[in-house]
Structures are given as C-alpha cells and as structure tokens.
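K.L.:
2 protein chains.
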Amino acid sequence: MNEKDDFALQDFLPYLLNRAAEESSLGFQKHYKNRYGMLRTEWRVLFHLGNYGQMTAKEIGSRAKIHKTKISRAVAKLSEKRFVTRTRDENDRRSEHLTLTPAGEAAYKDLREHALEFDTSICARFTTGEVAILRYMLRNLAGIEP
Amino acid sequence: MNEKDDFALQDFLPYLLNRAAEESSLGFQKHYKNRYGMLRTEWRVLFHLGNYGQMTAKEIGSRAKIHKTKISRAVAKLSEKRFVTRTRDENDRRSEHLTLTPAGEAAYKDLREHALEFDTSICARFTTGEVAILRYMLRNLAGIEP
DNA sequence: CCTTGTTAGTTACAAAAACAACTAATATCC
DNA sequence: GGATATTAGTTGTTTTTGTAACTAACAAGG
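Protein sequences, first through last, are from chains A and B.
The numbering of the first sequence is this note's numbering, which starts it at 6 and goes up by one.
The numbering of the second sequence is this note's numbering, which starts it at 6 and goes up by one.
#1: Report the rounded CA-to-CA distance for PRO19/B versus ALA26/A, giving the unit in angstroms.
#2: Quick check on LEU22/B - is its C-beta less than 8 Å from some C-beta in chain A?
#3: Based on the DSSP output, what are the partners of HIS102/A in its beta bridges?
#4: If we count the other Cβ atoms within 10 Å of its Cβ and call it buried at 16 or more, is ASP11/B buried or exposed?
#5: Would the segment 28–35 of chain A count as touching the segment 68–76 of chain A if we require 3 or more Cβ pairs under 8 Å?
#6: Which residue's Cα is closest to the Cα of HIS102/B: GLU47/B, LYS63/B, ASP16/B, MET142/B?
#7: Could one say the Cβ of ALA26/A lies closer than 8 Å to chain B's Cβ atoms, at least one of them?
#8: Can you tell me the Cβ-Cβ gap for PHE88/A and ALA120/A, rounded? I've got them flagged as a contact below 8 Å.
#9: List in chain order: all unbroken alpha helix (DSSP H) runs of 4+ residues lying wholly within the segment 99–144 of chain B.
#10: Determine the closest residue to THR106/A out of GLU135/A, THR61/A, SER84/A, LEU44/A, with distance taken between C-alpha atoms.
#11: Restricting to Cα atoms, I'd like to know which of THR104/B, LYS82/B, LYS86/B, ALA81/B is closest to THR92/B.
#12: Compare the C-alpha of MET142/A against each of SER30/B, ILE127/B, TYR57/B and name the closest.
#13: For the segment 14–68 of chain A, list the alpha helix (DSSP H) runs that are entirely contained and at least 4 residues long, ordered along the chain.
#14: Could you check where the alpha helix (DSSP H) with GLU85/B kicks off and where it finishes?
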C-alpha cells in the first residue's frame, strides 16, 4: 500500500519518548495516587521541595518547567493536605516560600523510597553503561544541565 | 535542609522521560497543530495509517496503546477533515476499515517530511551509537518489540 | 433459535489541563 | 512622586482527557 521509505513510526524519537514516558509514569503513578491521592504535578512539587528544600512557586515552575497555574493549584492541594506551609516573603510580599510540614516530609520520604525502588527495577534491565548514556541523553533532551 | 541521600530528582527515570518527552513533543507539535489543526492522537492515527496502511480503530489502538475512546474521537475529527474514509467490514459489521484519502495521504507525507527532519536534528547532538542505544532502550521501556 | 457473553466502537459525564484574564505587589523611568 | 510596566500568584473559562455506561453486531452453548 505504501511505497518503501526510510521513515518508521516506531523509530521516531518524540513518539518513542512519549510511549516510554507514559509507560513508566503509569508504573509509578499508583504510589502517589493510591496512597496519597496526589496528581502528577503535586508529587513533582512535593519532590522538588523535599529534594531541594524551601522554594517559591516561581522557582519550582522554572526548575521543573511547569506552568504557574498548575503549580498554584498543586500547592493549594498540598496545603489542604497539610503537606506544605506557605509563608510570605517580607521583602517581596508577592511571593511566598513553600516548606514541607513534618507530614509532607514523611510522605516525601515514603515516596522517595518507592521511586528509588522503581527506578532500580527499571535499570535492572540494562547495563550500567547503557543507563548512564540514557540519563545523559534524556537530560540533554529535556534541557537540564548535566 | 535535607540530609544527604542517593536520590536525585533529576536522575529519576520517569521524571526524566516525561521531561524529555514533553520537550520533544513541543518541538514537533507546531507542525501538525498549526498547519493542520490536529491533536496529538490525531497525528498518531494519521501516521499509523500512513505508515502501515489500512487498519481498523482496534488495531491502531493496540499497536499504539491508545484507548479506544481517544481513537474514536480522533478518527471522527480526521474524517471531518476528509483525511480518512471509513468502510464497514462486510464480514464483521462492527468494525470498520480506515483508509487515508488523497488529502490525508498528502498531509501524512508532508508531516512525515517534517518528522524526519526533526528527528535528524535531534540525533545530530549525539553519536550514532548513542542514538542506537537510546532507541533500543526506549523501545524496551515502551514495551515495543525490537 | 435463544439466552448469555464478548467485542468494536460511540456517547455521556467527571476530572484535569491549557489558556486568558485578573489582583496585588513591586520596579522603572520621567 | 506618579504614571506605566513587570512580576508572583490566583481565578475563570474552554479544551482535552479519563472513566463508565451504552449500542450494535457477533459468538457459543444449550
């Protein structure tokens, strides 16, 4: 039906990347969804705060490349759940500093444990060298500095 | 603020995969979105039909792991745009065979051109060996047979 | 045949994302 | 100082997705 061509859909990188990302997200989702009723943006925010410490919504947004409306709503949810506290910056009263509460810290540590396990189980299918190359390439593609 | 730990968010594969996928999607999106007003699922369906020839919605769904409701809506849109025609299977009148119209074929070829270019530009940042490893790993992660 | 079960695809409704418009605080420049 | 522009974050509205329930056609066992 179709003349021969050097294009194959299953080799197209954006397609492959999306399929792989969807698949891996699905595997990890159940941890934060079932156990804490979180959305993807919520755990990303939680992880950023847990991983890097106190931050403003703005900083999380620019680091994780998440739109500010998504952050705003995620922070509202996390605040409802008493996982983060918001304190106004006294020098610039527009922005507020987000910090994990002890409960938020506990959730973060629990999820981090599962994340680490999940990550390890993925890597187990490949050699150490392959995984290193994958990470390096994905960071490059994602626009994250090494 | 946070005790040392061997977990770093920017190394977590589901996170990296999603970031890389989003970034690369964004780059390609403008072609099918601006030029043809398509959604992601629509171009995927179009590409499947262009790449593999006539298929049913079911087949596309299982190949691309897209839920049937998304396929259904994408096919409806593509049909409105006169990019695909639907013909009932006479032996099993539940399913219908989807085929690209000449207009659909033209759109596919045009987008395929851009896809190829885009893919090439991505690969240019890496060595041939790295790209081969990346594709192999992503196919594995996505659950696509080599 | 005729009940029961399965499958292809659609539709309806709820959840989430995208986008635009908004408020309130600060910065700039005259 | 005061008009104007920017910035941090929020809210409202529209699209898009996810999920469940549905229709219509077929299949199988009795």
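Beta carbons are placed, not taken as given, at the ideal position from N, Cα and C, and that holds for glycine.
These numbers were taken from a predicted model, which means no experiment stands behind them.
P.N.:
The relevant details are as follows:
#1: Residue mapping note: residue 19/B aligns to position 14 of the second sequence, counting from 1. Residue mapping note: residue 26/A aligns to position 21 of the first sequence, counting from 1. In a straight line, the C-alpha of PRO19/B is about 6 Å away from that of ALA26/A.
#2: On the second sequence, residue 22/B is found 17 positions in, with the first residue counted as 1. So yes, LEU22/B belongs to the interface.
#3: Position 97 of the first sequence, counted from the start, is the residue given in the question as residue 102/A. THR61/A, THR92/A, per the DSSP bridge assignment.
#4: Here residue 11/B refers to the residue found at position 6 of the second sequence. Burial call: exposed.
#5: no
#6: Sequence index remark: in the second sequence, residue 102/B carries index 97 (1-based). Answer by Cα proximity: LYS63/B.
#7: Position 21 of the first sequence, counting from 1, holds the residue named residue 26/A. Closer than 8 Å: yes.
#8: For the purposes of this step, residue 88/A is taken as the residue at position 83 of the first sequence. For the purposes of this step, residue 120/A is taken as the residue at position 115 of the first sequence. Between ALA120/A and PHE88/A the Cβ distance is about 16 Å, and since that is not below 8 Å, they are no contact.
#9: 107–128
#10: Counting from 1 along the first sequence, the entry for residue 106/A is found at position 101. The residue with the shortest Cα to Cα distance from THR106/A is SER84/A.
#11: Along the second sequence, one-based indexing puts residue 92/B at 87. Residue THR104/B is the option with its Cα nearest to THR92/B.
#12: Taking the first residue of the first sequence as 1, we reach residue 142/A at position 137. Selected option, being the one with the closest Cα: ILE127/B.
#13: 18–41, 45–57
#14: To locate residue 85/B, count along the second sequence from 1; it is residue 80. 73–85 is the span of the alpha helix (DSSP H), which, as asked, contains GLU85/B.
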